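Enquirer: Chains as they are written, first to last, in my numbering: chain A, 1 to 66; chain B, 1001 to 1291. Don't be surprised by glycine CBs; every beta carbon is placed ideally from N, CA and C. These numbers come from a predicted model, not from an experiment. Have a look at this one.
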Amino acid sequence: MLFPVRCFTCGAVIGDKWDEFIKRVKRGEDPGKVLDDLGVRRYCCRRMFLSHVDVIKEIAPYPRRV
Amino acid sequence: MPKQAVEIEVKELTRERFSGRIKGAPLPVVNAIRRVAQSEVLTMAADYIIFYDNNTVLYDEYIAHRIAMIPLTSDAALEKYKRPEECVTDGSRFDEDCYATLRLVVERPGETPLSGLTEVEIIYSDSIVSEDPDVRPVSGKIPVAVISPGQRIHAEIKARLGRGREHAKWQAATVSVLTYVADIRIDWEHCDSCGDCAAVCPTGALKIVKGKLKVDSEKCNLCRQCLRACPAGAIRLSWRDNEYNLMIESSGALHAGRILYEAAKEVRSKLLTLLNTVNTLGGGTEGSRSG
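This is the structure:
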């Protein structure tokens, strides 16, 4: 789904860093270096970025009945 | 015990992070401050979210949960709003002294396609508009929901002060760590700088520089690998008394320095409450004087 607002383990706010992270990684930058730049230091927060799959765009075309 | 001056050597102090060394305060006191920074310091967070409309693919609960996890600026709110003990609501009436009101109202024109790929738009936290300029999302770039053409979200958010021990969304300090300060002593009569300790040291506190052992206690994390590795038994490892490293990382709701201050204040007020209780039991000198 959407990228989590906070790290599941430590609670640090990470939601605001996803867009820049994925933009730069798609441009070919090294994910580790991008995370260093964004100030994501702990590995609990780092795995949030590395393991996230943005499936929201795939479920969005199927609206629920309201 | 004679009174000791407490010294704080600040290494880093930004809104996001306090890092420093506290000298002269005993471990239980510094540790109490560390714990209170996480569980007791008040911040603002969304408590009730009323959905008037939401026909997007995401359920109300999903969006509500995301909104609740967004830290709200609380520096000025601490003086403005009542403490959680004084705020009771059944969810139908919200006292203005207790609750700040924020709104998320977004709409995309057009018609919702019944199937097939639609381009979705992500709604960010900057769409959340607050009636109180002192209470607003700390960042405008947190994704909150998605919206397709023809869909709308209309939600009213009621935020109040709360404590981390009630729910993690109120945690002022997300990370709060206390560490000992290492004290490495080398018995130079027995040390021949063989380098066995430096080879196992994971932090680089022990290093061989130009054939001689160099010690940097600051880097040591007290893992004791060197004690086992040293063939001459020339290393003694302990920690300094009443000297601790404290690191507080803020959720963004409060300045990290403010969290430290509020935590210390909270510990003090807890101790005073205890002291008063003991006093009323007749345990203190003040009690016997008045009684």
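Under the three-state reduction of DSSP, which class applies to residue 1190/B: helix, strand or coil?
Expert: Taking the first residue of the second sequence as 1, we reach residue 1190/B at position 190. Residue 1190/B falls in the coil class under three-state DSSP.
Enquirer: Output the boundary residues of the alpha helix (DSSP H) element that contains residue 20/A.
Expert: Against the first sequence, residue 20/A aligns to sequence position 20. Here the alpha helix (DSSP H) through residue 20/A covers 18-26.
Enquirer: Going along the chain, which residues of the segment 1153-1179 of chain B sit with their C-beta nearer than 7 Å to a C-beta in chain A?
Expert: Correct list: 1168, 1171, 1174, 1175.
Enquirer: So which residues of chain A does residue 1070/B contact, with C-beta pairs closer than 7 Å?
Expert: Counting from 1 along the second sequence, the entry for residue 1070/B is found at position 70. Near residue 1070/B (Cβ distances below 7 Å), the residues of chain A are 5.
Enquirer: On the premise that residue 1049/B lies in contact with residue 1067/B, defined as a C-beta separation below 8 Å, what is that separation, rounded to the nearest angstrom?
Expert: Stepping through the second sequence from its first residue, residue 1067/B is reached at position 67. Stepping through the second sequence from its first residue, residue 1049/B is reached at position 49. That pair is a contact at about 6 Å.
Enquirer: List the whole-angstrom C-beta distance separating residue 1150/B from residue 1111/B, where the pair is believed to meet the contact cut-off of C-beta under 8 Å.
Expert: Within the second sequence, numbered from 1, the residue matching residue 1150/B stands at position 150. Within the second sequence, numbered from 1, the residue matching residue 1111/B stands at position 111. Beta-carbon to beta-carbon, residue 1150/B and residue 1111/B are separated by about 5 Å, close enough to satisfy the 8 Å threshold.
Enquirer: With a threshold of 8 Å, are at least 3 pairs of Cβ atoms found where one atom belongs to the segment 1187-1199 of chain B and the other to the segment 1024-1031 of chain B?
Expert: no
Enquirer: Work out the CA separation of residue 1279/B and residue 1272/B for me, nearest whole Å.
Expert: If you number the second sequence from 1, residue 1272/B lands on position 272. If you number the second sequence from 1, residue 1279/B lands on position 279. C-alpha separation (whole angstroms): 10 Å.
Enquirer: Do three or more CB pairs link the segment 24-39 of chain A to the segment 54-63 of chain A at distances below 8 Å?
Expert: These segments do not touch.
Enquirer: Buried or exposed for residue 1039/B, going by 16 or more other Cβ atoms inside 10 Å?
Expert: The residue you call residue 1039/B lines up with position 39 of the second sequence. Buried, because 16 or more other Cβ atoms sit within 10 Å of the Cβ of residue 1039/B.
Enquirer: Can you find a C-beta in chain B that's less than 7 Å from the C-beta of residue 13/A?
Expert: Walking along the first sequence from the start, residue 13/A turns up at place 13. Cβ-Cβ to chain B under 7 Å: yes for residue 13/A.
Enquirer: I need the DSSP call for residue 1020/B, collapsed to helix, strand or coil.
Expert: Taking the first residue of the second sequence as 1, we reach residue 1020/B at position 20. Three-state DSSP puts residue 1020/B in a strand.
Enquirer: Is it buried or exposed for residue 1093/B, if we count other Cβ within 10 angstroms and need 16 for buried?
Expert: Counted from its first residue, the second sequence places residue 1093/B at position 93. Exposed: under 16 other Cβ atoms inside 10 Å.
Enquirer: Is the beta carbon of residue 1171/B closer than 7 Å to that of residue 1200/B?
Expert: Looking up residue 1200/B in the second sequence gives position 200. Looking up residue 1171/B in the second sequence gives position 171. Their beta carbons are not under 7 Å apart, which means residue 1200/B does not touch residue 1171/B by this criterion.
Enquirer: Let me see if you follow: with CB-CB separation under 7 Å, is residue 1142/B close to chain A or not?
Expert: What you label residue 1142/B is simply residue 142 of the second sequence in a count that begins at 1. Yes, residue 1142/B lies at the interface with chain A (some Cβ there is under 7 Å from its Cβ).
Enquirer: Which first and last residues belong to the beta strand (DSSP E) in which residue 1102/B is found?
Expert: The residue given as residue 1102/B occupies position 102 in the second sequence. Per DSSP, residue 1102/B belongs to the beta strand (DSSP E) from 1100-1107.
Enquirer: Compare the C-alpha of residue 1054/B against each of 1219/B, 1156/B, 1251/B, 1274/B and name the closest.
Expert: The residue given as residue 1054/B occupies position 54 in the second sequence. Ranking 1219/B, 1156/B, 1251/B, 1274/B by Cα distance to residue 1054/B puts 1156/B first.
Enquirer: By the three-class DSSP mapping on this structure, what secondary structure does residue 1162/B have?
Expert: As a position in the second sequence, residue 1162/B is number 162, starting the count at 1. Strand at residue 1162/B.
Enquirer: Any beta-carbon of chain A closer than 7 Å to the one on residue 1015/B?
Expert: Taking the second sequence and counting its residues from 1, the one referred to as residue 1015/B is at position 15. With 7 Å as the cut-off, residue 1015/B does not count as an interface residue toward chain A.
Enquirer: Hey, residue 1102/B and residue 1131/B are a contact pair by Cβ (cut 8 Å); roughly how many whole angstroms apart?
Expert: Numbered from 1 along the second sequence, position 102 holds the residue referred to as residue 1102/B. Numbered from 1 along the second sequence, position 131 holds the residue referred to as residue 1131/B. About 7 Å; that satisfies the 8 Å criterion.
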